[in-house]
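Student: Residue 1 is where the sequence shown starts when you use full-length UniProt numbering, and the numbers rise one by one after that. Note that the Cβ used here is the ideal one computed from N, Cα and C, for glycine as well. The structure's right below; bear with me while I get my questions together.
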Amino acid sequence: MSEECLTAYAREAVAAYPDSDIEIAIDFCQKAVAEFVGTSNDRLVKVGRSLKSLVELSAEKEDEFQIEEALRLLVSECKLLVSEKLKVPKVPFGKTQLAMPIVTLGCMRFQQEWMPRITNMNQVGSDCQDNLVAILKQAISYGMTHIETARGYGCSELQLGTALKQLFLTKYVTREDLIIQTKIPPHEKVSDFRAALETSFRSLQLDYIDLFSFHGLNYEEQIKWTLKGDENCMVVVKEYMEAGKIRHVGFSTHASTTFILKLIDMDVFEYVNLHYHYFGSYTASGGGHDGNGNLDCVKFLTQKNMGIFIISPFDKGGRLYAPSNKLRSLTLPEMEPMEFKSQWIWNHNTLYDGNGPILHTYTVGAGRPSDLDQSAVAAYRHVHQHEATVDKLRTVVERLDRAKEEALGAEWINTWWQGLRKAEQSNHFVEHNQIVWCYNQILAFGLYDFAKNRY
């Protein structure tokens, strides 16, 4: 096969099977990467969608070389996925010193439902549970051994606990090989918080939890419930820690930068789950002393040697699983938008010439095993093609920065957040910062669907 034929192969496949992503993928792969044809239908669907999008992009752009290089990138990913070489590395998770995989399995998308109606496994469909087990096995095989769930994720804990018990009994994995995290919000009544914690342990069927998080510390009153007075939720957590049932405590948050900095400075937590993305910091966008959102927070966390866990990089961080054509044209041919986000997180310190914050891990909320593939491939390139990957990352960052300045202007980029009220300062709790931030993303990167979802 001549590599110069990839664009022609893609166009032929899309023209022959315009209504079937799987057939598009099979037709293309039979000519370009035959060993991928026998993989899962989920993988084939994603390859087919990618091919259709690239053919659409090629019709808009005159640069045939860019499309050809993007297709080579896709073929390389397919070859890696069938090579059985993929394993994500681990890094020390701040002061916890846990060996943290740089990709975390998030457990908020694979459960039967979000509502609390399901209380036992007889109410869970076998197809759903089988898919959950398959996702766990895929994550473990990739080395994504940090498993993160929450009391508030419907029946996620219940199904996860049953699946883990099955995997332990069959010796697929040992408890010591995994880092299990769950999250519970603080309660005004300590007895309610204790009851929720006990429910989590029963559902997960575990003797101990590696990481416990106070879920969604966003408001002042929650600090009171968590830490103030003789009876508070932290007292309960410390009881569990003294009994060896909780190893480390942290918090997750969607709060403003100022509020998160206040929580970090209390020196009672070991790690944080928070938003921090190239395309903004979600609810904290426009925060911080220079409008860079939670950059102030991750710098402070690094200074405090606390674990940094990035929430929702591919959804709240730009809906990168379904990027706009404009964004995709800005990251290709060096890397797809999702890989860009992965490399931006893992090499963040390098982008600051070794003086920036170190981001330890991010979560992938998997709905099927193939949702973990792109992160596994990106991790392989991060480890085995590091220098070349960092060079490509710098190129993409420069291109994105330039596109942002061309669309918005340097003065607006450096001042847009000034004078805007935060939600807590608004009589009607309006997120003015987020609205203008969404406007910026549309103009700079064409992220209309993302902005609409966030609004």
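(1) Residue 360: which of 352, 417, 301, 438 sits nearest, CA to CA?
(2) Could you say which of 433, 199, 425 lies nearest to residue 417 if we only look at CA atoms?
(3) Is residue 96 closer than 7 Å to residue 242 when the C-beta atoms are compared?
(4) Could you tell me whether the Cβ atoms of residue 14 and residue 52 are closer together than 7 Å?
(5) Could you check the C-alpha separation between residue 72 and residue 376 for me, to the nearest Å?
(6) By how many angstroms is the C-alpha of residue 426 removed from the C-alpha of residue 137?
(7) Between residue 306 and residue 272, what straight-line distance do the alpha-carbon atoms span, to the nearest angstrom?
(8) Return the Cβ separation of residue 212 and residue 264 in integer angstroms, given the expectation that the two are a contact with Cβ distance under 8 Å.
(9) Quick one: residues in its chain with C-beta nearer than 8 Å to the C-beta of residue 325, no 5 flanking neighbours on either side, listed in chain order?
(10) Report the residue ranges of all beta strand (DSSP E) runs contained in full by the region 300 to 338; include only those spanning at least 3 residues, in chain order.
(11) Are three or more beta carbon pairs between the region 121 to 136 and the region 379 to 399 nearer than 8 Å?
(12) Could you spell out the range, first to last residue, of the beta strand (DSSP E) harbouring residue 290?
(13) So if DSSP puts residue 214 in a beta bridge, which residue, or which two residues, is it bridged to?
(14) Using DSSP's beta-bridge definition, name the partner residues of residue 106.
(15) In chain order, which beta strand (DSSP E) runs of at least 3 residues are fully inside the region 350 to 427?
(16) For residue 240, I'd like the list of residues in its chain whose CB is within less than 6 Å of its CB, leaving aside the five on either flank, ordered along the chain.
(17) Taking the beta strand (DSSP E) that residue 271 belongs to, which residues open and close that run?
(18) Residue 355: which of 195, 186, 298, 81 sits nearest, CA to CA?
(19) If the criterion is Cβ atoms closer than 7 Å, does the pair residue 317 and residue 277 meet it?
(20) Does residue 185 pass the burial test, meaning 16 or more other C-beta atoms within 10 Å, or should it be called exposed?
(21) Let me check understanding here. Comparing Cα to Cα, which of 182, 144, 143 lies closest to residue 161?
(22) Does the distance from the C-beta atom of residue 351 to that of residue 337 stay below 7 Å?
(23) According to the Cβ coordinates, are residue 68 and residue 158 closer than 7 Å?
(24) I'd like to know whether the C-beta atoms of residue 330 and residue 399 end up nearer to each other than 7 Å.
(25) Name the DSSP bridge partner or partners of residue 457?
(26) I'd like the list of long-range same chain contacts for residue 113, defined as Cβ closer than 7 Å, with 5 residues on each side in sequence excluded.
(27) Check for me: the alpha helix (DSSP H) holding residue 452 runs from which residue to which?
(28) So who's on the other strand from residue 99, going by DSSP bridges?
(29) So, at 6 Å on beta carbons, what are the nonlocal neighbours of residue 2 in its own chain, with the 5 sequence-adjacent residues on each side left out?
(30) In angstroms, rounded to a whole number, what distance separates the CA positions of residue 232 and residue 92?
(31) Look up residue 179 in the DSSP assignment and give the residues it is bridged to.
(32) If you check the beta carbons only, do residue 218 and residue 254 fall under 7 Å apart?
(33) Quick check: what's the CA-CA separation for residue 149 versus residue 65?
(34) Can you give the beta carbon distance from residue 251 to residue 214, rounded, assuming they're within the 8 Å contact cut?
(35) Since residue 246 sits in a beta bridge, which residues does DSSP pair it with?
(36) Classify residue 155 as helix, strand or coil using the three-state DSSP reduction.
Tutor: Quick answer:
(1) For the purposes of this step, residue 360 is taken as the residue at position 360 of the sequence shown. Comparing Cα-Cα distances from residue 360 to each of 352, 417, 301, 438, the minimum goes to 301.
(2) Position 417 of the sequence shown, counted from the start, is the residue given in the question as residue 417. Comparing Cα-Cα distances from residue 417 to each of 433, 199, 425, the minimum goes to 433.
(3) Numbered from its first residue, the sequence shown carries residue 242 at position 242. Numbered from its first residue, the sequence shown carries residue 96 at position 96. Result no, Cβ atoms of residue 242 and residue 96 do not sit closer than 7 Å.
(4) Position 14 of the sequence shown, counted from the start, is the residue given in the question as residue 14. Position 52 of the sequence shown, counted from the start, is the residue given in the question as residue 52. Yes; because the gap between Cβ atoms is below 7 Å, this pair is in contact.
(5) Residue numbering aside, residue 72 sits at position 72 when the sequence shown is read from its first letter. Residue numbering aside, residue 376 sits at position 376 when the sequence shown is read from its first letter. Between residue 72 and residue 376, the C-alpha separation is close to 18 Å.
(6) Position 137 of the sequence shown, counted from the start, is the residue given in the question as residue 137. Position 426 of the sequence shown, counted from the start, is the residue given in the question as residue 426. Distance between the alpha carbons of residue 137 and residue 426: 47 Å.
(7) Taking the first residue of the sequence shown as position 1, residue 306 is located at position 306. Taking the first residue of the sequence shown as position 1, residue 272 is located at position 272. In a straight line, the C-alpha of residue 306 is about 7 Å away from that of residue 272.
(8) Translated into the one-based positions of the sequence shown, residue 212 becomes position 212. Translated into the one-based positions of the sequence shown, residue 264 becomes position 264. 17 Å between Cβ atoms; not a contact.
(9) For the purposes of this step, residue 325 is identified with residue 325 of the sequence shown, where counting begins at 1. Excluding sequence neighbours, residue 325 sits near 53, 56, 57, 60, 446.
(10) 307 to 310
(11) no
(12) Working through the sequence shown from its first residue, we reach residue 290 at position 290. Looking at the DSSP string, residue 290 is not in any beta strand (DSSP E), and its letter there is neither H nor E.
(13) Position 214 of the sequence shown, counting from 1, holds the residue named residue 214. Its beta-bridge partners are 184, 251.
(14) Mapped onto the sequence shown, residue 106 falls at position 106. In DSSP, residue 106 forms a bridge with 148, 365.
(15) 361 to 365
(16) By 1-based counting over the sequence shown, the position of residue 240 is 240. These residues qualify, in order along the chain: 246.
(17) The count along the sequence shown starts at 1 and reaches residue 271 at position 271. Note, residue 271: beta strand (DSSP E), 271 to 274.
(18) Here residue 355 corresponds to residue number 355 of the sequence shown, with the count starting at 1. With distances taken between Cα atoms, residue 355 lies closest to 298.
(19) Taking the first residue of the sequence shown as 1, we reach residue 317 at position 317. Taking the first residue of the sequence shown as 1, we reach residue 277 at position 277. Yes, they are a contact pair.
(20) Within the sequence shown, the letter at position 185 stands for residue 185. So residue 185 ends up on the buried side.
(21) As a first step, residue 161 is located in the sequence shown; it is residue number 161 there, counting from the start. Closest option to residue 161, Cα to Cα, is 182.
(22) Within the sequence shown, residue 351 is the residue found at index 351, counting from 1. Within the sequence shown, residue 337 is the residue found at index 337, counting from 1. No; because the gap between Cβ atoms is not below 7 Å, this pair is not in contact.
(23) Your numbering for residue 68 matches position 68 in the sequence shown. Your numbering for residue 158 matches position 158 in the sequence shown. Taking 7 Å as the Cβ cut-off, residue 68 and residue 158 do not qualify as a contacting pair.
(24) Sequence index remark: in the sequence shown, residue 330 carries index 330 (1-based). Sequence index remark: in the sequence shown, residue 399 carries index 399 (1-based). A contact, by the Cβ cut-off of 7 Å.
(25) With the chain covering 1 to 455 only, the question about residue 457 has no answer from this structure.
(26) Counted from its first residue, the sequence shown places residue 113 at position 113. Once the five neighbours on either side are set aside, the close Cβ partners of residue 113 are 154, 155.
(27) Against the sequence shown, residue 452 aligns to sequence position 452. That run of the alpha helix (DSSP H) goes 448 to 454.
(28) Locating residue 99 in the sequence shown gives position 99, counting from the first residue. Paired residue(s): 92.
(29) Counting from 1 along the sequence shown, the entry for residue 2 is found at position 2. Only weak support exists for where residue 2 lies, its pLDDT of 49 falling under 50; the coordinates are left without a value.
(30) As a first step, residue 232 must be located in the sequence shown, where it is residue number 232. As a first step, residue 92 must be located in the sequence shown, where it is residue number 92. Their Cα atoms are separated by approximately 30 Å.
(31) Walking along the sequence shown from the start, residue 179 turns up at place 179. According to DSSP, residue 179 bridges with 146.
(32) Position 218 of the sequence shown, counted from the first residue, corresponds to residue 218. Position 254 of the sequence shown, counted from the first residue, corresponds to residue 254. Yes, these two residues count as a Cβ contact at 7 Å.
(33) Taking the first residue of the sequence shown as 1, we reach residue 149 at position 149. Taking the first residue of the sequence shown as 1, we reach residue 65 at position 65. Their Cα atoms are separated by approximately 43 Å.
(34) Your numbering for residue 251 matches position 251 in the sequence shown. Your numbering for residue 214 matches position 214 in the sequence shown. Their Cβ separation, rounded to whole angstroms, is 4 Å, which keeps residue 251 and residue 214 in contact under 8 Å.
(35) Looking up residue 246 in the sequence shown gives position 246. DSSP lists 209 as partners of residue 246.
(36) One-based indexing of the sequence shown puts residue 155 at position 155. Three-state DSSP puts residue 155 in coil, outside helix and strand.
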